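As structure tokens, the structure follows; a few thoughts come after it.
Chains as they are written, first to last, in my numbering: chain G, 1 to 175; chain P, 1001 to 1178; chain D, 2001 to 2112.
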């Protein structure tokens, strides 16, 4: 269970620099894991915070800022991905097999998983990032992306199955 | 001691705005807890949550009915990895506030064997119920509840047996849902 | 969570942007502020009247999208708060009801 405290409705003074410091990892990581390109992710993250700066007066609370930043980071990442057709045109077979089998917890396995995630289609890719980076539950993902809950669950199930299959083909998986 | 009985209480026409009715100074426990539930809902936010309850779902419909007269609900529930995280002074710090004249302890439970305690208090103004307090402890858990407003205790108690949590039977081990 | 999900959590853990990110955002904010062009001098002022650079276009597009999001996002955020509040209502009643039920069962056991 997580600690949850609802904030009072009264507006509190918001510190832009503090918000950026608090949320820059989240915003950058959503963009990076989606686009799998560090420079593009930085650009997107920069734009998101520029947008926050311009619209700070409309933000009601720190919790609202977090919600807003996540939503805009997701949308901007998807937009950027579509604009550049950044779904890597790398067949999964081209994701090189490691010379040494990666073990669970191995950074090499982590990099393979990030590459595999980046080859998923737009919607399942973002669903997986929101689930495993942001630890959102399917209902929260459904609300954020504006897609049905059943679709979110289907994306999760199919993506996990696909990843398992791809890893198994490479001799990677649970020991 | 008599078991808690349902009190059929008319919702008073009181215009008073209920807030949290006693203090929870439990930051010390929050810092040590491995799991925490911290709910503070009142006024517009409570009503907003109530509007999202689904009337076609029997349990949510019951909660929606119960909320109708309630002005606030406050819960702190802490779980710890080890015994000894909470002390008697933590419990007394809350309990001492419930010695005020408007609070009446209606039932208490203490099991030395299981290391569990539970107490229920009602806040009364004349014959009208205006609040409920529950204090419950286990060796690795500490719970405080305050519901501001009149509450149907029977309905609330029955709720504890739904939502997938089986009603506790005397001959079965208790299964607390996380 | 199974092993794959744990690995995914680890692989997709948040990472900070490269060093200097905050400074670059600050510089971008300064460049985008209304006073920046006049401070730069007359040639720069003429350039401000010209069609915005590609980079500035992206910022303007982002700002416009953000404004639209704010209008819709305010409504979306209220709905999100409602869902969160509903979950907390249910959680609170579950805990309160569970404690009462548990107590009731103990007392019934004693009275039998």
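Even glycine gets a Cβ: it sits at the ideal position worked out from N, Cα and C.
Keep in mind the model is a prediction, meaning the values are calculated, not measured.
Distance between residue 1032 of chain P and residue 1092 of chain P, taken at the CA atoms: about 18 Å. Under the 8 Å criterion on CB atoms, residue 1052 of chain P is classed as interfacial with respect to chain D. Residues of the region 2074-2092 of chain D whose Cβ lies closer than 9 Å to any Cβ of chain P, in chain order: 2078, 2079, 2081, 2082, 2083, 2084, 2085, 2086, 2087, 2088, 2089, 2090, 2091, 2092. By the criterion of a C-beta distance shorter than 7 Å, residue 2090 of chain D is surrounded by no residue of its chain, once the five residues flanking it on both sides are discounted. Contact check for residue 125 of chain G against residue 141 of chain G fails: the beta carbons are separated by 8 Å or more. Taking residue 2105 of chain D as the centre and dropping the five residues before and after it, the same chain places no C-beta closer than 6 Å to its C-beta. Boundaries of the alpha helix (DSSP H) harbouring residue 78 of chain G: 62-84, taken from the DSSP string. Boundaries of the alpha helix (DSSP H) around residue 1065 of chain P: 1058-1067. For residue 1028 of chain P, the enclosing alpha helix (DSSP H) covers residues 1027-1032.
Using a 10 angstroms sphere on the CB of residue 2108 of chain D, the tally of other CB atoms stays under 16, which defines it as exposed. The Cβ atoms of residue 1118 of chain P and residue 2008 of chain D lie no closer than 8 Å to each other.
The alpha-carbon separation between residue 135 of chain G and residue 26 of chain G amounts to approximately 11 Å. Around the beta carbon of residue 1146 of chain P, 16 or more other beta carbons lie within 10 angstroms, which makes this residue buried.
Taking 8 Å as the upper bound on Cβ-Cβ separation, chain G lies near residues 2015, 2016, 2017, 2018, 2021, 2022, 2024, 2025 of the region 2015-2026 of chain D. Contacts with chain D at 8 Å (Cβ-Cβ) do not include residue 1098 of chain P. Nearest to residue 2032 of chain D by C-alpha distance, out of G/138, G/144, G/54, G/116, is G/54. Selection D/2004, D/2011, D/2076, D/2021 evaluated against residue 146 of chain G yields D/2076 as nearest (Cα-Cα). For residue 2105 of chain D, no CB of chain G lies under 8 Å from its own CB, so it is not counted at the interface with that chain.
Residue environment: residue 1129 of chain P is assigned as buried (16 or more neighbouring CB atoms within 10 Å of its CB, all protein chains considered). Residue-level contact check: residue 1029 of chain P does not touch chain D, since none of the beta carbons of chain D fall below 8 Å from its beta carbon. A direct Cα-Cα distance of roughly 5 Å separates residue 1133 of chain P from residue 1121 of chain P. Spanning the alpha carbons of residue 1098 of chain P and residue 1105 of chain P requires a straight line of approximately 8 Å.
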